[in-house]
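Here our numbering is used: the sequence shown runs in plain steps of one and ends on residue 200.
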Amino acid sequence: MAKPRRKPKRSGTDPADLLLNLPDSEFVDALRRVFAERSPWPGTESSQEAHYVLAVASRVLPEDDEPPLRTGEGWELSAVGYPDPAHYDGDPLGVRGSICQSGRCTTCRTEVHTTSKHGLCPVCGAESYGT
Ligand SMILES: [Zn+2]
70 MAKPRRKPKR
80 SGTDPADLLL
90 NLPDSEFVDA
100 LRRVFAERSP
110 WPGTESSQEA
120 HYVLAVASRV
130 LPEDDEPPLR
140 TGEGWELSAV
150 GYPDPAHYDG
160 DPLGVRGSIC
170 QSGRCTTCRT
180 EVHTTSKHGL
190 CPVCGAESYG
200 T
């Protein structure tokens with residue numbers, strides 16, 4: 070899917086522009102804080118648990134001599150986890166860097182990508198470890 074082109078920045082107050090200009094570790098932390106306060110279905114908290122998670126959808130593109138992928142073919146989804154502050158002197162940003170660590174949640178088995186090796190699963194909150 071082609072990315073829609075964004076118009077040039079007009080002000081420093083557009084929330085999307087603010088997020089676009091953050092390094093990955095700060096981008097993930099900003100969304101972590103928003104997701105902790107914002108419910109996808111307000112008013113249903115007494116009957117169900119639901120929360121937002123950031124995810125990455127990816128697929129490997131075929132070589133030049135291979136047939137092109139069909140729409141919807143080959144996609145994998147992984148959740149973007151949060152650095153575990155317990156392993157980074159209480160720092161919720163953990164290691165500053167890209168979302169390059171990959172692992173699985175030790176409890177719910179969700180595939181988790183993080184900026185730091187020691188992460189927290191965004192689905193259930195358990196530990197994950199990336200390599
Ligand atoms: Zn989990």
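Virtual Cβ for every residue (Gly too), placed ideally from N, Cα, C.
Contacting residues, own chain, Cβ-Cβ under 6 Å from L189 (five flanking each side not counted): Cβ neighbours of L189 beyond the five flanking positions: G150, Y151 and D153.
Span separating the alpha-carbon of E95 from that of A124: So the two alpha carbons sit approximately 16 Å from each other.
Per DSSP, the bridge partner or partners of L146: Partner(s): A126.
Nonlocal neighbours in the same chain, by C-beta distance under 6 Å from P161, ignoring five residues either side: Around P161: D98 and P154.
Selected residue, minimal CA-CA separation from G194, among Q170, R139, G141 and A148: Out of Q170, R139, G141 and A148, A148 has the C-alpha closest to the C-alpha of G194.
Local conformation of S94 per DSSP, three classes: If DSSP states are grouped into helix, strand and coil, S94 belongs with the helices.
Bridge-paired residues (DSSP) for C23: Beyond the ends of the chain as shown, which are 70 and 200, falls residue 23; an answer cannot be given.
Close beta carbons around F104, own chain, < 8 Å, minus the five adjacent residues each side: Within the same chain, F104 has close Cβ partners H120, Y121, V122, L123 and P191.
As assigned by DSSP and simplified to three states, the class of L138: Here L138 sits in coil by DSSP.
Local Cβ density within 10 Å of G172, reported as buried at 16 or more and exposed below that: Answer is buried; the Cβ neighbour count reaches 16.
Helix, strand or coil at P109 according to DSSP, with G and I counted as helix: It is coil, neither helix nor strand.
Residue environment, L100, which counts as buried when at least 16 other CB atoms sit within 10 Å: Buried, by the Cβ-count rule.
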